[in-house]
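Enquirer: Which chain is which? The protein sequence lines are A and B, in order.
Numbering-wise (my numbering), the first sequence opens with residue 76 and increments by one.
Numbering-wise (my numbering), the second sequence opens with residue 5 and increments by one.
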Amino acid sequence: MKEKIIIVGNGMTAVKFCQKMVDANLLDKFDLTVVGEEPHYGYDRVHLTSYYTGTSVKELHLAPKEWYNENGIEVIKNTKVIDLDKIKKTVLLDNENVLNYDILVLATGSSAFVPPIEGREKDGVFVYRTIYDLSLIKEYVKEAKKGVVIGGGLLGLEAAKAIMDDGIESTIIERSPWLMGRQLDKRGASFLHKKLDAHGLNIITDTNIARFTGDDKVTGVEFIDGTSIDTDIVIISSGIKARDELAIKAGLEVGKAGGILVDEGMQTTYPGIYAIGECALAMGMIWGLVAPCYEMAEVLVERLKGNEKSFIGSDMSTKLKLIGADVASFGDALGMAEDCIPLMLENKFTHVYKRINISPDGKYLLGGILVGDASDYNMLLQIYKNKILLPPNPESLLTGASQGGGFKLSVLDLADNAVICSCEGVTKGKICAAIENDDVTSVAGLKKCTKAGTGCGGCVPMVDDILTATLKKQGKEVKKVICEHFEFTRQELYDIVKMEGIKTFSDLLHKKGHGAGCEICKPLTASLLASIWNEPIVKHQQIQDTNDKFLANIQRGGTYSIVPRIPGGEITPEKLEAIGRIGKKYDLYCKITGGQRIDLFGARVDQLPVIWEELINEGFESGHAYGKSLRTVKSCVGSTWCRFGLHDSVSFAIEIENRYKGLRSPHKLKGGVSGCVRECAEARGKDFGIIASEKGWNLFVCGNGGANPAHAQLLASDITAETCIQYLDRFLMYYIKTASPLTRTSKWLDGLEGGMDYLKEVVINDSLGMAEQFEKDMQLLVDTYKCEWKEVVENSELRNKFKAFANSDEPDSNIKFVSMRNQKMPTPW
Amino acid sequence: MTSTTNIITPAKAIIWHKTVKTIDIPQNGGVAVLIDGQQIAIFNFTEKGEWYACQNLCPHKMEMALSRGLIGDANGEPKVACPFHKKSFSLETGECLNDSCNNINVFPVKIEDDFVFVGL
Ligand SMILES: Cc1cc2nc3c(=O)[nH]c(=O)nc-3n(C[C@H](O)[C@H](O)[C@H](O)COP(=O)(O)OP(=O)(O)OC[C@H]3O[C@@H](n4cnc5c(N)ncnc54)[C@H](O)[C@@H]3O)c2cc1C
Ligand code: SF4
Ligand code: SF4
Ligand code: FES
């Protein structure tokens, strides 16, 4: 006869317990029945917040329904266990059924702790624990403008970020003097505080709440000093309370502050009844993270097997997810151990704070805190967990690998039993085995086959490192292949297309790839075909991103924007008037761009050809704002008007913009020309910048603005206009041929071995012997340039593709606008 | 010529709606059509020799956009990627393949007399 195990609660620990029972082949000895109060199969509470942002319940399920069926595990959902008779060995369900058991496992987790604040029963006061809680919040938030989160711990921050991203003006109220008191010291918390401030989150610490105000609905929070703030919603996240009510009713011993008392084998004070997960009081504490809960499940499974495994505590290291600020703490983060030596690094400029605690003999890492830059978290965690001997200068750990700091630990130096993923307890050995024996070659594959990285996800970068290092060790090349359809890099595909004279995507796919292509390889091929053959991109409409497909930039609300080319930013009053007239006629929102031209927003797809027809009649051309191609060559007014000007920067900018217009490249390209060193065109913030010198022009390359600004670097000085264009031809062609997709010139240069010196060799001294070819290739592109919009406007078949519906001439009635400063705007998301 | 593809067992009787000619939908491309005021995306997946239809609405930010997305496959599963933020959806089951979004509705398609019919 099989013994019957009833598990009370179907949360994360219960699911893990069932999975481990299956993996240990124990189901031929035991029958499992899981009774859970929530109306769902056990789900991933750790990623609960993603439910708020759109993940479906089904996706949060830890195991699908079929899995329970296949393994013969009975699941009773939506049902609460309300009593337990430990002598008769029965449990009573709230539907009045009574179930017998041989072994009882309590996995009831915990509930949100709600401090006894007056007014907590009002509408609009919520906790943050279950799918149900979040569905209520999601609904209520729609009507709210301001929100308050009570509790500045890990969870509170996550909740505050979630509603803030929904447009709610959010305030965190924390009773203690600083945020995340369990994980951070005062200094670390102050860095985090500043960072969150900058994100727009209000934070009030060191305060006591008197009551929640409002009639039925909550409208404010009042503090004991008499001050108050307004709010429409309150989310309480002030800690957890173990769900031990069933245990108390049955007379099992519980802790003073709650929690079902268990021994090192997870047994409660009554034989045959066990408690695991957040409801258990093990080693004198409640373990409120998944890793220790899973460890308890493991211990119980081993015990049921007859082994002597004990729960001896677990790692409480955490890395904050979802908040937009790097925060992590591990081990003895606050330095509580006697005589431990804290080492700290503070950088007020980059807002980075790091602290590590070292053993008194300087040999071991005991714990630490990272705020602002947690890129070294996994490595430090490994050093700490595996008791790796520290270098004689342990402060080098603080500067870290990311800043090229001193102490670098290769992932391959870690012991095989080093735990990489604490949530799932996956060791380095297991990951390496999957790569070496089962030929897994991707992080996604490793997640599937080892479960590493499927918990909180914090270890994924390290899993990736192990993958790369192991493959390299095996002598397998780790290629940045573009996607699952082509085993090639962009540069290899460039050569293939050119050498084999391939002219269409399907030809390339059938000859060199497999599957049906995707949103990565299709536009990439379109860009290659355009930069090699310079055929109009409308010929390859079905493999273009929508911007390229409709030759316009898609904007919020699904309309498009139109950018006519205005070379060098020079425009006649007549043309300016024409833009004004057309903008008015089609009710377009107008804005001057950073590249000295005019962007017209809000055109429906069916309006694009008529608007362009009018623009072309007025002498405009496509500005290629939609493509990975040359945007603008910005210029200052130069020597014609400016009293400082050395040469005519406007004329040169126009010449260059007209030369390279329509050029397709791995990423967008921008240029600039300034008439003297005062640099009013900001040319050094561009992919190529030309600045007048006394003797000619100085050519700078590989700069950009954007998220990671970089100054362009000097390629050649005092050259003539002619030489300048020659060098530009070579430089641009070399970049187009060798850069990976979506790599701006500055990033491309970073990856170029030998850097700027090497580039100079190639461009100026022709070290590759390719200069002539580059110039010829470029001249071909210049000679075959056509305005794409002109082609469309003049071709009725192409024009016809610009409509909202294939079976009707109706415009899309879903497009709606609101008005702002006398212009139209899309309705916000 | 009659060919029927990707039939899913419908819960209720399906009504076939005549939409556009097969040649109106570019090879390996898609269009949006209006059926009783509903926006439906139809794809001519020439590479696989199949036709697919789904809602035009992307559930991510509620944009009417999927017909303007690129089609392709992931591990053999036919899919469309929304042009806005590249969320991908299976054209066979409607499942979101980036596991961060709701699923979409997919509809059966049949071809009769060179016309594309969508079953709603
Ligand atoms: C928003 C959020 C984010 C989190 N983020 C992280 C994180 O990043 N990292 C981390 O390590 N941890 C995190 N946690 C904590 C983690 O979710 C818990 O440690 C884990 O869920 C504990 O698992 P459990 O099975 O013990 O309890 P639970 O998952 O709470 O499951 C207990 C289940 O038992 C049910 N139950 C209780 N009593 C009964 C009864 N009498 N009859 C029937 N059913 C009953 C409950 O309804 C519940 O479904 C987070 C928690 C939340 C809420
Ligand atoms: S860069 Fe020099 S030439 Fe150009 S506008 Fe400025 S000061 Fe005048
Ligand atoms: S900076 Fe950001 S928001 Fe502004 S235009 Fe660029 S992408 Fe859009
Ligand atoms: S609107 Fe479709 S992916 Fe964002």
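No residue lacks a Cβ here, since even glycine has one placed at the ideal position from N, Cα and C.
This structure is a prediction, so every number in the text was calculated from the model and none was measured.
Closest to A:Ala591 by C-alpha separation, out of B:Ala85, B:Val120, B:Gly76, B:Cys86, would be which residue?
Expert: Stepping through the first sequence from its first residue, residue 591 of chain A is reached at position 516. It is B:Gly76.
Enquirer: Looking at chain A, is there any beta carbon in it that lies within less than 9 Å of the beta carbon of B:Asn32?
Expert: Locating residue 32 of chain B in the second sequence gives position 28, counting from the first residue. Yes, contact with chain A.
Enquirer: Given 8 Å as the limit, tell me if A:Val402 has its C-beta closer than that to any heavy atom belonging to ligand 1.
Expert: Residue 402 of chain A sits at position 327 when you count from the first residue of the first sequence. Outside the cutoff, so no.
Enquirer: Taking DSSP as the reference, what is the three-state secondary structure of A:Lys761?
Expert: As a first step, residue 761 of chain A is located in the first sequence; it is residue number 686 there, counting from the start. A:Lys761 falls in the coil class under three-state DSSP.
Enquirer: Kindly list, in the order they appear in chain B, the residues whose Cβ is closer than 8 Å to that of A:Gln616.
Expert: Here residue 616 of chain A refers to the residue found at position 541 of the first sequence. Pro30, Gly33, listed in chain order.
Enquirer: I want to check one thing, is the minimum distance from the CB of A:Leu83 to the heavy atoms of ligand 1 below 8 Å?
Expert: Indexing the first sequence from 1 puts residue 83 of chain A at position 8. It is worth fixing the name first, because residue 83 of chain A is Val in this sequence and not Leu. Yes.
Enquirer: Taking all protein chains shown into account, decide if A:Val180 is buried (16 or more other Cβ within 10 angstroms of its Cβ) or exposed.
Expert: For the purposes of this step, residue 180 of chain A is taken as residue 105 along the first sequence, with counting starting at 1. Buried.
Enquirer: I want to check one thing, is the minimum distance from the CB of A:Tyr203 to the heavy atoms of ligand 1 below 8 Å?
Expert: For the purposes of this step, residue 203 of chain A is taken as the residue at position 128 of the first sequence. Yes - ligand 1 has a heavy atom lying nearer than 8 Å to the Cβ of A:Tyr203.
Enquirer: Given 8 Å as the limit, tell me if A:Leu824 has its C-beta closer than that to any heavy atom belonging to ligand 1.
Expert: Taking the first sequence and counting its residues from 1, the one referred to as residue 824 of chain A is at position 749. A distance criterion of 8 Å places the beta-carbon of A:Leu824 beyond contact range of ligand 1, judged by its closest non-hydrogen atom.
Enquirer: Compare the Cα-Cα distances from A:Phe386 to each of A:Pro417, A:Leu420, A:Ile351, A:Leu599 and report the closest residue.
Expert: Locating residue 386 of chain A in the first sequence gives position 311, where the first residue counts as 1. For the residues A:Pro417, A:Leu420, A:Ile351, A:Leu599, the minimum Cα distance to A:Phe386 belongs to A:Ile351.
Enquirer: Figure out for me which residue from A:Ser185, A:Glu373, A:Asp307, A:Thr282 has the closest Cα to the Cα of A:Leu321.
Expert: For this step, residue 321 of chain A is matched to residue 246 along the first sequence. Residue A:Ser185 is the option with its Cα nearest to A:Leu321.
Enquirer: Relative to the C-alpha of A:Gly720, which residue among A:Arg753, A:Tyr661, A:Lys743 is closest?
Expert: The count along the first sequence starts at 1 and reaches residue 720 of chain A at position 645. Ranked by how close their Cα comes to the Cα of A:Gly720, the residues A:Arg753, A:Tyr661, A:Lys743 have A:Arg753 in first place.
Enquirer: Can you tell me whether A:Leu843 is buried or exposed, with buried defined as 16 or more other CB within 10 angstroms of its CB?
Expert: Residue numbering aside, residue 843 of chain A sits at position 768 when the first sequence is read from its first letter. Its Cβ having fewer than 16 others within 10 Å, A:Leu843 is exposed.
Enquirer: Considering A:Ile243, what are the terminal residues of the alpha helix (DSSP H) in which it resides?
Expert: One-based indexing of the first sequence puts residue 243 of chain A at position 168. A:Ile243 -> no alpha helix (DSSP H), and no H or E assigned at all.
Enquirer: Roughly how far, in whole angstroms, is the beta-carbon of A:Tyr116 from the beta-carbon of A:Lys152, given that I think they are within contact range, below 8 Å?
Expert: Here the question's residue 116 of chain A lines up with position 41 in the first sequence. Here the question's residue 152 of chain A lines up with position 77 in the first sequence. Yes, they are in contact, since the Cβ atoms of A:Tyr116 and A:Lys152 sit about 7 Å apart, within 8 Å.
Enquirer: Got a sec? Which residues, its chain only, sit under 6 Å from A:Ile361 by beta carbon, not counting five neighbours each side?
Expert: Your numbering for residue 361 of chain A matches position 286 in the first sequence. Cβ neighbours of A:Ile361 beyond the five flanking positions: Ala317, Gly334.
Enquirer: Determine the closest residue to A:Phe188 out of A:Pro466, A:Leu441, A:Ser312, A:Trp608, with distance taken between C-alpha atoms.
Expert: As a working mapping, residue 188 of chain A is identified with position 113 in the first sequence. That would be A:Ser312, whose Cα lies nearest to the Cα of A:Phe188.
Enquirer: With a threshold of 8 Å, are at least 3 pairs of Cβ atoms found where one atom belongs to the stretch 798–811 of chain A and the other to the stretch 847–857 of chain A?
Expert: yes
Enquirer: Check whether the Cβ atoms of A:Ser724 and A:Ala756 lie closer than 9 Å to each other.
Expert: Counted from its first residue, the first sequence places residue 724 of chain A at position 649. Counted from its first residue, the first sequence places residue 756 of chain A at position 681. A contact, by the Cβ cut-off of 9 Å.
Enquirer: Using only the heavy atoms of ligand 1, determine whether one of them is closer than 8 Å to the beta carbon of A:Val376.
Expert: Mapped onto the first sequence, residue 376 of chain A falls at position 301. False, no ligand heavy atom lies under 8 Å from that Cβ.
Enquirer: Could you check whether the Cβ of B:Phe121 sits closer than 9 Å to any Cβ belonging to chain A?
Expert: Translated into the one-based positions of the second sequence, residue 121 of chain B becomes position 117. Put simply, the CB of B:Phe121 is far from chain A, with every gap to its CB atoms at 9 Å or more.
Enquirer: Under the criterion of a Cβ to heavy atom distance below 8 Å, does A:Met239 qualify as lining ligand 1?
Expert: Locating residue 239 of chain A in the first sequence gives position 164, counting from the first residue. No; taking the cut-off as 8 Å, the Cβ of A:Met239 has no heavy atom of ligand 1 nearer than that.
Enquirer: Of all Cβ atoms in chain A, is any one closer than 9 Å to the Cβ of B:Ile12?
Expert: Along the second sequence, read from residue 1 onward, the residue named residue 12 of chain B stands at position 8. Note that B:Ile12 scores 48 on pLDDT, short of 50, meaning its location in the model is unreliable; the coordinates nonetheless yield the value given after this. Not one chain A Cβ lies under 9 Å of B:Ile12.
Enquirer: Can you give me the Cβ contacts of A:Met419 inside the same chain, cut-off strictly under 6 Å, excluding the 5 residues immediately before and after it?
Expert: In the first sequence, the residue the question calls residue 419 of chain A occupies position 344. Non-local beta-carbon contacts of A:Met419 in its own chain, meaning distances under 6 Å to residues more than five positions away in sequence, involve Arg430 in chain order.
Enquirer: Express the C-alpha separation of A:Val638 and B:Val120 in angstroms, rounding to a whole number.
Expert: The residue you call residue 120 of chain B lines up with position 116 of the second sequence. The residue you call residue 638 of chain A lines up with position 563 of the first sequence. Going by the C-alpha atoms only, they are around 36 Å apart.
Enquirer: Tell whether a beta-carbon distance below 9 Å holds between A:Gly778 and A:Thr820.
Expert: Counting from one through the first sequence, the residue named residue 778 of chain A turns up at place 703. Counting from one through the first sequence, the residue named residue 820 of chain A turns up at place 745. For A:Gly778 and A:Thr820, yes; Cβs fall inside 9 Å.
Enquirer: Please classify A:Ile348: does DSSP put it in a helix, a strand, or coil?
Expert: Numbered from 1 along the first sequence, position 273 holds the residue referred to as residue 348 of chain A. Looking at A:Ile348 - three-state DSSP - the assignment turns out to be strand.
Enquirer: Return the first residue and the last residue of the alpha helix (DSSP H) that A:Trp772 is part of.
Expert: Here the question's residue 772 of chain A lines up with position 697 in the first sequence. Here A:Trp772 belongs to no alpha helix (DSSP H); instead the beta strand (DSSP E) covers 772–776.
Enquirer: How about the stretch 696–709 of chain A and the stretch 736–754 of chain A: do they share at least three Cβ pairs that are nearer than 8 Å?
Expert: yes
Enquirer: Could you please give the first and the last residue of the uninterrupted beta strand (DSSP E) stretch that includes B:Lys83?
Expert: Looking up residue 83 of chain B in the second sequence gives position 79. Here the beta strand (DSSP E) through B:Lys83 covers 81–85.
Enquirer: When the distance is taken between beta carbons, is A:Ile278 closer than 9 Å to A:Ile247?
Expert: Working through the first sequence from its first residue, we reach residue 247 of chain A at position 172. Working through the first sequence from its first residue, we reach residue 278 of chain A at position 203. The answer is yes: Cβ separation under 9 Å.
Enquirer: Give me the chain B residues within the contact set of A:Glu885, using Cβ-Cβ distance strictly less than 7 Å, ordered along the chain.
Expert: Residue mapping note: residue 885 of chain A aligns to position 810 of the first sequence, counting from 1. Neighbours of A:Glu885 on chain B, chain order: Leu38.
Enquirer: Could you tell me the distance, in whole angstroms, from the CA atom of A:Asp674 to the CA atom of A:Gly746?
Expert: Walking along the first sequence from the start, residue 674 of chain A turns up at place 599. Walking along the first sequence from the start, residue 746 of chain A turns up at place 671. Approximately 18 Å between the Cα atoms of the pair.
Enquirer: Using a Cβ-Cβ cut-off of 7 Å (strictly less than) and excluding sequence neighbours within five positions of A:Lys770, which residues of its own chain qualify?
Expert: Mapped onto the first sequence, residue 770 of chain A falls at position 695. Result list for A:Lys770: Asp793, in chain order.
Enquirer: Closer than 6 Å by C-beta to A:Gly481: which residues in its own chain qualify, once you throw out the five before and the five after it? Chain order, please.
Expert: Locating residue 481 of chain A in the first sequence gives position 406, counting from the first residue. Low confidence applies here, because A:Gly481 scores a pLDDT of 42, under 50, leaving its location unreliable and the question unanswered by this model.
Enquirer: Using alpha carbons as the reference points, say which of A:Pro466, A:Ile433, A:Thr474, A:Ile495 lies closest to A:Leu456.
Expert: For the purposes of this step, residue 456 of chain A is identified with residue 381 of the first sequence, where counting begins at 1. Ranking the options by Cα distance to A:Leu456, first place goes to A:Ile495.
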